[in-house]
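**Student:**
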Amino acid sequence: MKQTKKEVISAIIAAAKELLRKNRRTVAGHTFTIPSPYEYRHQWLWDSCFHSIVLRHFDTAAAEAEIKSLVASQCKNGMIPHESKFNILGKMLPITSRITQPAFIARAALEVYEKSRNKQFLANIFPRLQQYHNWLEKQREVNGVLKVVDCNESGEDNSLPWDDEYAVPVHKTYLRWFPTYVPFFPQLAALRSVTATSVYADALECMSEIARVLGEGRLRSGYGSKRKAVIAAMAKVFRQEDGLYYSLTHSNKPIRYKTHSIFSPLFAAAMTKAEAKKLVNEHLLNEKEFWTSFLIPTVAANEPKFNPKGYWRGPTWVNINWMLHRGLLRYGFRAVADELLQKTIAVIRKSGFREYYNPLTGDGLGARQFGWSTLIADMILEK
Ligand code: GLC
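Going by the numbering used here, the sequence shown opens with residue 8, and the numbers climb by one from there.
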């Protein structure tokens with residue numbers, strides 16, 4: 008029997024809830040959700056932020072635990088590592104990640120608070136977030152935008168810009184794990200990233216809002232001005248003559264591939280309305296580029312390097328769709344946002360919660376039972 012639209016939606020939400028429950032672990036007193044029971048069995052930074060953004064709809068205590076566990080692995084210098092090894096092996100081997108991941112924590116903490124209204128949670132987490140943001144400013148800002156020192160730090164480890172950033176394609180080999188984990192191994196990259204900076208600008212807005220909730224007026228305006236400065240720097244550093252924002256290599260050369268990251272400034276409300284309109288009409292709604300059968304590919308379909316099955320080199324990822332959906336709603340592109348949502352529902356109905364999907368066929372690829380693909384539930388519930 009054919010399901011009604013309402014039944015489809017309820018089934019997806021129920022399945023998302025169940026998946027996150029099944030992937031939840033408690034290790035050494037920390038409770039968090041692993042990205043996938045087969046491939047990724049630790050806590051990962053941006054994954055956990057996405058998990059808590061979904062969890063807040065079902066179980067605010069679990070959403071708070073996820074973030075508390077994340078900040079529990081904060082280093083003395085303020086960095087929050089991209090992967091926390093709360094497991095037996097991690098305890099036995101003194102191997103710790105030396106890098107972070109896109110700075111979604113303030114966004115996740117704020118959104119969890121907005122559901123729970125638990126000010127104490129926010130007050131406890133805020134000093135940790137401040138330390139993290141101080142570290143980002145000191146260690147990762149260059150000319151007002153963020154650099155990413157390692158492909159694993161970008162979260163988009165195999166994305167096209169890394170082809171130009173590394174002299175040799177280390178991102179495609181196991182070599183890439185050396186700078187990530189081996190102490191004192193030189194960091195090989197300093198890519199000025201549009202995605203990382205967009206997430207950072209958004210996080211600064213959240214920091215300002217958290218400070219407001221906590222009655223910290225001075226910090227509120229400090230983070231607010233900082234956000235404005237980052238947005239202004241984005242236009243100056245990233246915007247090229249075609250109006251698009253491209254990441255830059257360590258030597259400030261624009262990397263002109265059309266990837267999903269051209270849309271990330273929408274998430275941070277970093278573009279003018281006119282720029283956003285042009286971007287959506289000419290590139291997002293363009294069937295030759297991003298408006299493929301199963302949206303959106305991580306590389307424009309007409310880029311010579313587009314590979315519908317290549318890791319971060321073409322496939323559709325739900326977290327990218329989620330960011331874009333938020334961005335479209337911020338700019339009032341409601342009908343386009345809704346179409347994106349319907350197409351994301353279609354791909355999940357076809358292939359379940361997979362790590363990524365072929366944008367031409369909708370076939371599932373990579374890890375199974377993958378946590379952040381449940382962001383579809385947030386897209387449905389927040390629209
Ligand atoms: C892969 C992804 C990274 C993610 C991790 C765990 O390494 O590229 O972004 O955080 O898996 O899901």
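From the three backbone atoms N, C-alpha and C, an ideal C-beta is built for every residue, glycine too.
Rounded to whole angstroms, what is the Cα-Cα separation between Gln137 and Thr323?
**Tutor:** 33 Å
**Student:** So is the beta-carbon of Asp54 under 7 Å away from any non-hydrogen atom of the ligand GLC?
**Tutor:** yes
**Student:** Return the CA-CA distance between Glu160 and Leu143, expressed in angstroms with no decimal places.
**Tutor:** 12 Å
**Student:** Determine the DSSP secondary structure at Thr38, reduced to helix, strand or coil.
**Tutor:** Residue state, collapsed to three classes: strand.
**Student:** For Pro261, name the three-state secondary structure that DSSP assigns.
**Tutor:** Under the three-state reduction of DSSP output, Pro261 falls in the strand class.
**Student:** Three Cβ pairs or more, each shorter than 8 Å: is that satisfied between the region 308–324 and the region 271–287?
**Tutor:** With the rule of 3 Cβ pairs closer than 8 Å, the region 308–324 does not count as touching the region 271–287.
**Student:** Is it a yes or a no for the region 169–181 touching the region 274–285, going by three-plus beta-carbon pairs under 8 Å?
**Tutor:** no
**Student:** Ignore the nearest five residues each way along the sequence and tell me which others in His140's own chain have a CB closer than 7 Å to its CB.
**Tutor:** Met214
**Student:** Comparing C-alpha positions only, which one of Ile41, Ala239, Trp319, Glu90 sits nearest to Arg31?
**Tutor:** Measuring from the Cα of Arg31, the nearest candidate turns out to be Ile41.
**Student:** Can you look up Tyr364 in the DSSP assignment and give me helix, strand or coil?
**Tutor:** strand
**Student:** Could you round the C-beta distance between Ser104 and Thr187 to whole angstroms and report it? I think they count as a contact, below 8 Å.
**Tutor:** 6 Å
**Student:** As a quick exercise: from Gly339, Gln376, Ser358, pick the residue whose alpha carbon is nearest that of Thr368.
**Tutor:** Ser358
**Student:** Using a Cβ-Cβ cutoff of less than 7 Å, which residues in the same chain neighbour Tyr253 once the five nearest sequence positions on both sides are dropped?
**Tutor:** Excluding sequence neighbours, Tyr253 sits near Val201, Phe245, Gln247, Pro261, Ile262, Arg263.
**Student:** Report the residue from Ala196, Leu153, Arg147 whose alpha carbon sits nearest the alpha carbon of Asp171.
**Tutor:** Ala196
**Student:** Out of Phe270, Lys280, Met278, which one is the CA nearest neighbour of Leu292?
**Tutor:** Phe270
**Student:** Buried or exposed: Gln10, going by 16 or more other Cβ atoms within 10 Å of its Cβ?
**Tutor:** exposed
**Student:** Would a C-beta distance cut-off of 8 Å place Asp403 and Arg114 closer than the cut-off?
**Tutor:** For residue 403 there is no data in the structure shown, the boundaries of the chain being 8 and 390.
**Student:** Spatial neighbours of Ala236 within its chain, please: C-beta separation below 8 Å, excluding the five flanking residues on both sides.
**Tutor:** Gly151
**Student:** Would you say the beta carbon of Tyr47 comes nearer than 7 Å to a heavy atom of the ligand GLC?
**Tutor:** yes
**Student:** Which whole-angstrom value is the C-beta distance of Ile16 and Ile387, which I expect to be below 8 Å?
**Tutor:** Right, the Cβ-Cβ distance comes to about 6 Å (below 8 Å), so this counts as a contact.
**Student:** At what residues does the alpha helix (DSSP H) containing Leu117 begin and finish?
**Tutor:** 112–123
**Student:** Could you check what DSSP says for Gly371 in three-state terms: helix, strand or coil?
**Tutor:** strand
**Student:** Please state whether DSSP places Thr202 in a helix, a strand or coil.
**Tutor:** In the displayed model, Thr202 falls within a helix according to three-state DSSP.
**Student:** Can you give me the start and stop residues for the alpha helix (DSSP H) that Lys350 sits inside?
**Tutor:** Following the DSSP letters along the chain, one finds Lys350 inside the alpha helix (DSSP H) bounded by residues 341–358.
**Student:** Nearest-angstrom Cα distance between Leu331 and Val206?
**Tutor:** 12 Å
**Student:** Return the residue from the list Ala239, Leu211, Thr279 that minimises the CA-CA distance to Arg227.
**Tutor:** Leu211
**Student:** Between which residues of its own chain and Glu148 is the CB-CB distance below 8 Å, once the five residues before and five after are set aside?
**Tutor:** Excluding sequence positions up to five before and after Glu148, its CB lies within less than 8 Å of the CB of Lys154, all in the same chain and listed in chain order.
**Student:** Which residues mark the beginning and the end of the alpha helix (DSSP H) in which Val15 is found?
**Tutor:** 12–29
**Student:** Are the beta-carbon atoms belonging to Asn165 and Trp319 less than 8 Å from one another?
**Tutor:** Yes, these two residues count as a Cβ contact at 8 Å.
**Student:** Between Gly321 and the rest of its own chain, which residues show a CB-CB distance below 7 Å, the 5 nearest in sequence each way excluded?
**Tutor:** Pro304, Thr305, Val306, Phe313, Asn314, Pro315, Pro366
**Student:** Just checking Trp51 against the ligand GLC - is the residue's beta carbon closer than 7 Å to any of the ligand's heavy atoms?
**Tutor:** yes
**Student:** Have a look at His89, Ile106, Lys29 and flag the residue whose alpha-carbon is nearest the alpha-carbon of Ala69.
**Tutor:** Comparing Cα positions, the closest option is Lys29.
**Student:** Assuming Trp379 contacts Phe57 (C-beta within less than 8 Å), just tell me the rounded distance between them.
**Tutor:** 4 Å
**Student:** Is there at least one non-hydrogen atom of the ligand GLC closer than 7 Å to the beta-carbon of Gln108?
**Tutor:** yes
**Student:** Buried or exposed: where does Phe192 fall if 16 or more other Cβ atoms within 10 Å of its Cβ makes it buried?
**Tutor:** exposed
**Student:** Can you tell me the Cα-Cα spacing of Phe297 and His267, whole angstroms?
**Tutor:** 8 Å
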